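FYI, in numbering that gives the first Met the number 0 the residues of the sequence shown are 0 to 364.
Where is the CB? At the ideal position from N, CA and C, for every residue including glycine.
Predicted model only: the values in this text are computed from it and were never measured.
Notes follow once the structure below has been shown.
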Amino acid sequence: MAQTESEGSDVRLEGTLQASMARSAAIEQDLPAHPGNYRMLTGDRPTGELHIGHYFGSLLNRVRLQDTGVQTWVLIADYQVITDRDGVGPIRERVMSAVATYLAMGIDPARSTIFTHSAVPALNQLMLPFLSVVTDAELRRNPTVKSEMEDSGRPLSGLLLTYPVHQAADILFCKANVVPVGKDQLPHLEIARVIARRFDERYGRAVPDHPVFPSPEALLSAAPNILGTDGTKMSKSKGNTIEIGMDADQTAKLVKRAVTDSERHITYDPVNRPEVSNLVLLAALCLGRDPQDIADQIGDGGAGALKRMVTEALNETLAPVRARRTELMAAPDHLREVLRQGNERANERADATLAQVRQAMQMVY
Ligand code: TRP
């Protein structure tokens with residue numbers, strides 16, 4: 000019985016994944032022609048420093064979308080930091096460091112809004128009506144929440160259980176219709192769509208014929224998944240990350256220590272040789288070349304030659320971003336001002352949306 004149930008839900012997830020991938024591909028195709036039709040919200044959880052997994056996996060894509068003319072909102076999700084840990088850590092430093100990295104990479108505060116949860120009260124207030132339209136069972140079966148809880152080794156906090164609803168507020172407060180995410184975030188996008196629809200069904204509309212909230216879609220970029228220097232998922236807590244803000248020597252040291260395997264001949268075989276292939280992929284991404292081609296070139300040169308190539312390619316690729324980051328970090332007043340302005344814009348938008356929500360809910364007194 001339990002077996003059948005879980006098989007059933009796997010089938011459903013598969014179906015959802017395929018449908019999401021198809022919708023995402025259609026949007027990607029339409030984007031360059033009609034960037035004005037899209038508003039993108041993306042964000043990072045400031046639990047650690049941004050690393051090369053973010054660089055190749057999401058940041059480059061964000062800047063690309065901004066530069067096609069898509070309206071861009073970048074959230075530093077500070078309230079998400081406390082979903083699965085006891086304290087906030089050095090959060091001020093991390094938030095400022097993230098702002099510096101965004102700017103260094105080309106997020107342009109004149110066109111894009113960089114903001115934090117904690118500074119936008121009306122966004123957080125959306126959580127109340129949103130919580131009213133989801134059930135306890137729906138929240139509990141979210142596979143991403145489940146795995147985050149297991150990874151944390153802690154009991155499920157009320158916030159971890161409900162953070163996908165809070166994340167729906169992140170997306171819906173600014174009426175974003177596209178959200179670039181990895182597959183792990185698809186269940187959250189589904190909740191956001193369900194909330195948008197149920198809010199409309201249950202509470203009505205501020206303006207006839209116009210639901211208050213659009214239905215947001217995931218943009219599943221073809222971005223590569225970079226592993227940590229030990230060949231497992233890159234994660235601050237495992238100490239296997241290379242941070243964007245590190246210097247060339249630190250990068251060289253970390254690449255040198257990266258795990259490889261005992262076979263000298265280098266091949267690109269992500270399934271059977273994840274550690275070596277991850278290094279090959281990194282070099283390929285930096286150099287804009289095919290991984291297979293990189294592996295062929297190194298061949299019997301072994302892990303040593305591969306690592307030298309990765310170090311050089313990575314340091315060269317990151318050098319301009321690092322240089323701009325260093326300058327920006329030396330101007331904290333400027334970073335604070337960028338964030339202040341972003342938060343101001345986010346508040347304007349959140350206040351306007353909350354006014355429509357109150358209208359729809361007949362709570363205008
Ligand atoms: N949960 C996302 C992460 O872990 C960060 C995030 C917060 C986010 N709010 C969001 C992503 C809204 C997309 C949309 O990286």
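Quiz prompt | Beta-bridge pairing of Arg38 - partner residues as DSSP gives them | solution = Note: Arg38 sits in a beta bridge opposite Gln70.
Quiz item: Roughly how many angstroms separate the alpha carbons of Val116 and Gly341, rounded to a whole number?
Solution: Per the sequence shown, the amino acid found at residue 116 is His instead of Val. Taking the straight line joining both Cα atoms gives about 11 Å.
Exercise. Note down the Cα distance separating Phe198 from Leu171, rounded to an integer number of angstroms.
Key: Between Phe198 and Leu171, the C-alpha separation is close to 11 Å.
Quiz item: Excluding five sequence neighbours on each side, which residues of the same chain lie with their C-beta closer than 8 Å to the C-beta of Ile26?
Solution: Closer than 8 Å at the Cβ level, and outside the excluded window around Ile26, lie Tyr37, Val177, Glu216, Leu218.
Quiz item: Relative to the ligand TRP, is the shortest distance from any of its heavy atoms to the C-beta of Ile26 smaller than 7 Å?
Solution: No.
Practice problem: Using only the heavy atoms of the ligand TRP, determine whether one of them is closer than 7 Å to the beta carbon of Gly42. | Solution: Yes, Cβ of Gly42 sits closer than 7 Å to a heavy atom of the ligand TRP.
Exercise. Compute every distance between the C-beta of Val178 and the non-hydrogen atoms of the ligand TRP, then say whether any falls below 7 Å.
Key: Set against 7 Å, the gap from the CB of Val178 to the closest heavy atom of the ligand TRP is smaller.
Quiz item: Comparing alpha-carbon positions, which option in Leu59, Met233, Leu284, Pro210 lies nearest Pro179?
Solution: For Pro179, the nearest C-alpha among the options comes from Leu59.
Quiz item: Is any heavy atom in the ligand TRP found nearer than 7 Å to the beta carbon of Leu74?
Solution: The answer is yes for Leu74.
Exercise. For Ser146, decide whether its Cβ has a neighbour in chain D, counting only Cβ atoms nearer than 8 Å.
Key: No chain D is part of this structure, which consists of one protein chain only.
Practice problem: Write down every uninterrupted run of the alpha helix (DSSP H) in the region 237–273 whose length is 4 residues or greater and which is fully enclosed by it, in chain order. | Solution: Fully enclosed alpha helix (DSSP H) runs of 4 or longer: 247–256.
Quiz item: Since Glu216 is in the alpha helix (DSSP H), which residue starts that stretch and which ends it?
Solution: Careful: Glu216 lies outside any alpha helix (DSSP H), inside the beta strand (DSSP E) at 216–218.
Quiz prompt | His264 to Arg140 span [Cα, whole Å] | solution = Rounded to whole angstroms, His264 and Arg140 show a C-alpha spacing of 45 Å.
Quiz item: So, are the CB atoms of Gln65 and Ser23 less than 8 Å apart?
Solution: Note that the C-beta distance between Gln65 and Ser23 is not below 8 Å.
Practice problem: Could you say which of Pro207, Gln79, Arg84, Tyr202 lies nearest to Asp169 if we only look at CA atoms? | Solution: Closest option to Asp169, judged by alpha-carbon separation, among Pro207, Gln79, Arg84, Tyr202: Gln79.
Practice problem: Could you check what DSSP says for Phe114 in three-state terms: helix, strand or coil? | Solution: In the structure shown, Phe114 adopts extended strand secondary structure according to DSSP, grouped into three states.
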